[in-house]
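Here the protein sequences come in this chain order: S and B. Yeah, the first sequence ends on 291 if you go by this note's numbering, and it's all consecutive. Yeah, the second sequence ends on 318 if you go by this note's numbering, and it's all consecutive. Heads up, the beta-carbon is just placed ideally off N, CA and C, and yes, glycines get one too.
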Amino acid sequence: MRNIQTVAANTFREAVRDRVLYNLVFFALLMMGAAILVGQISIGIEQDMIVSLGLTAISAVGILIAVFLGVALVSKEMDKRTLYALLAKPVRRWEFLLGKFLGLVMTLTVNTAAMAAGLYLALWTVKHPLLKSDAYILVAVYLILLKLALIVALALLFSCFTTPFLAILFSAGIYVAGLFAADLRTVHGVDLDPGTLRLMRGISYLLPNFQNFNVMGAVVHGRGVPGVFIWQATLYALLYIAIVLTGAAVVFSRRNLK
Amino acid sequence: MNRRASYGLFVGIAILAGFACVWRLQASVDAERTELRLEADELALRSPAVMKKLSLEYTPLMGAIYWTRAVQYFGEKHQASNQNLDELWPLLDIATTLDPNLLVAYRFGATFLSDAPPRGAGEPEKAVELLERGIKANPDYWRLYQDLGNVYYFDEKNYLKASQAFEEGSRNPAAMPWMKIMAARIAAEGESLETSYALWLDIYQTATDRDIRKNADEHLRLVQAEMDIREIDKAADVYEQRTKHRAIRISELAQAGLLTGQPLDPAGFPYILGEQGKAEPNPKSPLREEWLKEKK
């Protein structure tokens with residue numbers, strides 16, 4: 034446990050040193066610009082625009098960090114040969130992976146929390162006081178964070194057995210495919226034989242369904258999200274992350290690092 | 023000044039001059055493109071379903087962006103007095119498909135579509151389609167029924183359907199009590215100035231957007247002028263019955279005690295009696311042009 038904590042803390046420190054959190058400046062400028070501009074160029078959607086733009090930015094920036102840093106977690110250590118020094122110490126490979134995963138999730142949590150604070154600040158400037166329904170935004174932010182954690186796990190898995198470039202492609206591809214996972218179950222107007230339909234159905238359940246974490250449509254319009262849904266999404270993310278990280282640990286433990 | 027400093031100065035000036043040229047050139051390109059932009063409005067992707075897929079999980083933001091584009095498109099056309107609003111419906115169609123809960127796009131979009139030119143696109147049937155879609159996606163929002171009733175009443179002149187829309191909306195527990203009254207009044211009277219005034223007054227009082235309020239205010243002034251003219255004509259009819267000749271000046275009606283002085287229109291100009299002794303807005307009044315258009 035101590036090993037995991039150490040690796041996680043160092044991963045977080047490294048991300049901060051790499052100026053990953055500088056993206057917050059971009060986010061702050063985006064939110065300030067939106068808060069000033071939207072009221073001038075549109076009708077009646079100042080609040081909707083601020084919330085949807087803020088959540089989109091939190092999600093998009095988070096995905097970029099999750100994919101690019103997630104892939105670099107292992108490959109960078111190997112390129113710099115620091116991994117060999119680390120594994121020579123009493124640190125198991127799975128501990129290293131889990132620590133790396135937790136460190137990046139910690140970075141994403143800090144980043145997402147700061148962005149959420151910025152979003153509330155922008156919202157407060159266009160309408161104050163804030164309403165009780167504005168608290169639902171936190172639910173959306175929380176679910177985005179779960180999604181990002183899942184993407185980090187996937188990026189970590191791919192980076193364990195392929196090149197960084199391919200790992201980025203695979204991670205991005207799985208993310209996009211995961212957004213359409215439900216559509217695979219409800220293909221209409223296509224003449225497919227039952228076997229193929231069953232196969233597609235099976236694939237749709239195997240793919241990580243990223244729509245499980247998407248409540249932006251409801252939250253933007255001040256509608257609440259049922260507690261059951263939040264629990265189910267949380268459980269889904271934890272389960273899926275556990276499966277992916279187990280897979281990553283297996284692959285990484287068998288990898289010849291010489 | 024040493025050689026290095028003069029080189030730096032030269033490069034700095036060259037860069038500034040370059041930007042100045044770019045600025046001038048862009049201004050010329052913009053001037054050339056102005057006509058082109060108006061004629062070839064840019065909407066490359068017209069399929070709402072494809073847009074929805076391409077927006078991944080960010081459909082609320084894309085919906086808001088498309089709604090903003092619709093507002094900008096409408097505003098630009100309006101300012102340029104260009105009545106070709108062909109792209110308005112596709113923009114609204116995409117915005118509401120991307121975000122079916124974007125109430126503002128249904129409400130104001132329907133106004134943009136239904137108002138007769140030059141105020142709007144003059145496509146009330148599209149406005150009805152948009153509102154019916156909005157009601158389907160947001161059945162609990164009674165204001166959309168009100169908007170649907172308004173389109174049927176003002177633009178389609180279909181009073182039966184207008185009454186039905188108000189009636190359906192009034193069944194919502196959150197609806198204002200006057201929805202039921204409007205349903206009954208329109209069913210009984212069809213079009214009436216009092217009903218029109220009440221409907222526009224509600225739009226004026228509840229709209230938060232400046233342009234929508236201005237539009238409602240213009241309609242209110244016109245309807246008020248119509249009601250004034252109706253009263254003056256009534257007085258002129260009584261005057262004609264009494265004196266056996268039609269008054270040619272409003273002052274005659276006032277002198278006969280049928281009016282309490284010289285009535286003024288909502289813009290502050292005195293009404294006049296036209297060639298056939300019928301009241302009309304003063305030629306100097308800004309309301310006259312709109313009034314004549316409505317008469318046509």
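With contacts defined by Cβ atoms closer than 8 Å, S/L189 and S/G132 do not form a contacting pair.
Chain-order list of chain B residues neighbouring S/M233: empty, with the shortest C-beta distance near 17 Å, by a criterion of under 8 Å.
Sequence-distant Cβ neighbours of S/A215 in its own chain, meaning closer than 8 Å and more than five residues away, are S237, N242 and Q244.
Between S/L240 and S/G280, the C-beta spacing is not below 8 Å.
Secondary structure note for B/M73: its alpha helix (DSSP H) is the uninterrupted segment P70 to L76. By the beta-carbon neighbour count (other beta carbons within 10 angstroms, threshold 16), B/F32 is exposed. Rounded to whole angstroms, the separation of the alpha carbons of B/K158 and S/V71 is 28 Å. Taken in chain order, the complete alpha helix (DSSP H) segments of 4 or more residues contained in the region 108-183 of chain S are 115-121 and 126-159.
For S/G206, the enclosing alpha helix (DSSP H) begins and ends at P197 to L212. CA-to-CA, the gap between B/N24 and S/G206 works out to about 57 Å. Taking a C-beta cut-off of 7 Å against chain S, none of the residues of the region 255-287 of chain B qualify. Counting other Cβ atoms within 10 Å of its Cβ, B/I270 stays below 16 and is therefore classed as exposed. Setting aside the 5 residues that flank it on each side, S/L290 is surrounded in the same chain by M111, L116, Y117 and L120, each with a C-beta closer than 8 Å to its C-beta; the list follows chain order.
Residue environment analysis places B/V72 among the exposed positions, since fewer than 16 neighbouring C-beta atoms fall within 10 angstroms of its C-beta. One finds nothing in chain S with a Cβ atom closer than 8 Å to the Cβ of B/Y88; even the nearest lies about 11 Å away.
Counting other Cβ atoms within 10 Å of its Cβ, S/C193 reaches 16 or more and is therefore classed as buried. Inter-segment contact for the region 263-273 of chain S and the region 95-103 of chain B is absent: fewer than three beta-carbon pairs are separated by less than 8 Å. Ranking B/L170, B/P199 and B/M198 by CA distance to the CA of B/Q186 puts B/L170 first. Look at B/E213 here: in three-state DSSP terms it is coil, with no helix or strand label.
For a Cβ distance threshold of 9 Å, residue set I76 and G77 of chain S lies close to B/D231, ordered along the chain. With a cutoff of 8 Å on beta-carbon distance, B/Y128 and B/G85 are scored as not near each other.
Listed along chain B are Y80 and L83, each with a C-beta nearer than 7 Å to that of S/T89.
With fewer than 16 other Cβ atoms inside 10 Å of its own Cβ, B/W45 counts as exposed. Buried is the label assigned to B/T81, since at least 16 other Cβ atoms lie within 10 Å of its Cβ.
Look at B/N194: its C-beta is not under 8 Å from any C-beta on chain S.
Secondary structure within the region 218-296 of chain B: not one fully enclosed beta strand (DSSP E) run of 3 or more consecutive residues is present. Cβ contact annotation for B/S218 (same chain, cutoff 6 Å, sequence separation greater than five): V245, in chain order. Residue pairing from DSSP places B/E302 in a beta bridge opposite B/I294. Taking 8 Å as the cut-off, the beta carbon of B/F188 is found no closer than this to the beta carbon of B/M198. Here B/W164 carries a coil assignment [DSSP, helix/strand/coil]. If you check each beta-carbon in the region 121-150 of chain B against every beta-carbon of chain S, the ones closer than 9 Å belong to D121, P122, N123, L124, L125, V126, A127, R129 and F130. A residue is called buried once 16 or more other Cβ atoms fall within 10 Å of its Cβ, and B/P146 is buried on that count.
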